[in-house]
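First residue of the sequence shown? That's 8 in the working numbering, and the numbers climb one at a time after it. Beta carbons are placed, not taken as given, at the ideal position from N, Cα and C, and that holds for glycine.
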Amino acid sequence: MSQELKENNIAAKIETSVKERLWVTVPVLLLVGLIATLIYNHHAEFSWNSFVGGFNTEFLIFFSIGVFAQLVDGTLGMGYGATSTSFLLAYGVPPVVSSTGVHVAEMFTTGASAISHHRFGNINKKLVRHLLIPGVLGSIIGAYLLSDVIDGDVIKPFIAVYMIVLACIIIRKGMQKNIIKKKTKRLGILASFGGFMDSVGGGGWGPIVTSTLLGNGRNPRYTIGSVNSAEFAVSFASGITFMIFGGIEGWQVIIGLILGGVIAAPIAALLVNKIKRQPMMILVGILIIVLSLRTLSKLI
Numbered sequence: 008m009s010q011e012l013k014e015n016n017i018a019a020k021i022e023t024s025v026k027e028r029l030w031v032t033v034p035v036l037l038l039v040g041l042i043a044t045l046i047y048n049h050h051a052e053f054s055w056n057s058f059v060g061g062f063n064t065e066f067l068i069f070f071s072i073g074v075f076a077q078l079v080d081g082t083l084g085m086g087y088g089a090t091s092t093s094f095l096l097a098y099g100v101p102p103v104v105s106s107t108g109v110h111v112a113e114m115f116t117t118g119a120s121a122i123s124h125h126r127f128g129n130i131n132k133k134l135v136r137h138l139l140i141p142g143v144l145g146s147i148i149g150a151y152l153l154s155d156v157i158d159g160d161v162i163k164p165f166i167a168v169y170m171i172v173l174a175c176i177i178i179r180k181g182m183q184k185n186i187i188k189k190k191t192k193r194l195g196i197l198a199s200f201g202g203f204m205d206s207v208g209g210g211g212w213g214p215i216v217t218s219t220l221l222g223n224g225r226n227p228r229y230t231i232g233s234v235n236s237a238e239f240a241v242s243f244a245s246g247i248t249f250m251i252f253g254g255i256e257g258w259q260v261i262i263g264l265i266l267g268g269v270i271a272a273p274i275a276a277l278l279v280n281k282i283k284r285q286p287m288m289i290l291v292g293i294l295i296i297v298l299s300l301r302t303l304s305k306l307i
């Protein structure tokens with residue numbers, strides 16, 4: 008009986024080890040496949056001179072934007088798309104190039120972020136599973152509709168107002184000493200809406216999903232790690248959809264954002280463990296308000 012118990016324990020450990028490795032193996036395989044596909048489809052667009060010549064001051068600016076946006080997203084659980092797009096547009100990059108660059112870059116940066124958060128133990132796997140499939144479905148539908156049916160700018164004011172309301176709730180809860188944790192109902196609907204708005208509005212997965220979960224008193228460390236990990240699948244699905252219906256241009260922007268984001272991802276995941284709960288929630292709220300007010304001011 009003792010021998011049978013030992014064998015069962017060994018089998019359970021092997022099964023657990025395999026499941027743990029999948030959290031890293033799946034993102035790595037998807038990213039390798041994506042790189043191979045991009046090289047195969049777009050290798051004719053590059054030459055050695057253009058590649059070397061691309062590493063100039065402008066490239067360093069895109070690289071810096073990628074680093075900063077990923078630090079914001081990785082530590083606060085939101086803001087990569089809004090931050091990077093805002094900086095790119097302010098620098099003079101055309102909207103089409105900005106949107107394409109951010110979505111393609113996010114496929115890599117969110118993968119690096121997911122692996123990093125797993126490495127530092129920031130993930131609630133049950134929460135990730137609840138968010139994953141609904142988020143992916145919402146992102147695919149949103150990307151398809153934006154490509155063929157609706158204008159994302161039309162609904163941006165509504166999502167901006169929604170995020171300001173959530174930000175006020177988060178700041179208020181962040182100032183409280185004791186936050187009562189509430190069960191988040193209908194996680195699937197929340198994830199679907201977040202994925203949909205992320206594709207249609209050019210950002211929103213983190214502000215919608217992370218803000219709602221933090222507003223219900225969830226632990227910031229595991230909430231941010233889990234939402235960022237699920238975001239990899241959401242970004243990958245929307246990025247592939249945009250690539251199918253659109254195309255890719257602005258390679259200097261894309262490569263700069265990717266390199267900056269991948270380098271900053273493990274740093275951001277490490278910082279999540281170092282930041283205290285209340286200051287983090289207040290910073291998240293302030294960030295959402297600033298980004299949302301900026302969105303509204305541009306629309307007005």
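Item                                                                                            : Value
Which listed residue (F243, I282, E256, D205) has its alpha carbon closest to that of Y229      : I282
A272 to P214 span [Cα, whole Å]                                                                 : 18 Å
Buried or exposed (CB count within 10 angstroms, at least 16 for buried), G40                   : exposed
Beta-carbon spacing of H124, S242 below 8 Å                                                     : no
Through-space distance from V31 to I122, alpha-carbon basis                                     : 6 Å
Nearest neighbour of R136, chosen from Y169, F203, L194 [CA to CA]                              : L194
Inter-residue Cα distance where the pair is A97 and P227                                        : 31 Å
Exposed unless 16 or more other CB atoms sit within 10 angstroms - verdict on A76               : buried
Minimum Cβ-Cβ distance from D205 to chain C less than 8 Å                                       : The structure shown contains no chain C; it holds only a single protein chain.
Integer-rounded CB distance, given that G108 should sit under 8 Å from I261                     : 5 Å
Secondary structure, alpha helix (DSSP H): runs of 4+ residues fully inside the segment 244-306 : 258-279, 284-306
Minimum C-alpha distance to M288 - residue among I178, L139, Y151, S233                         : I178
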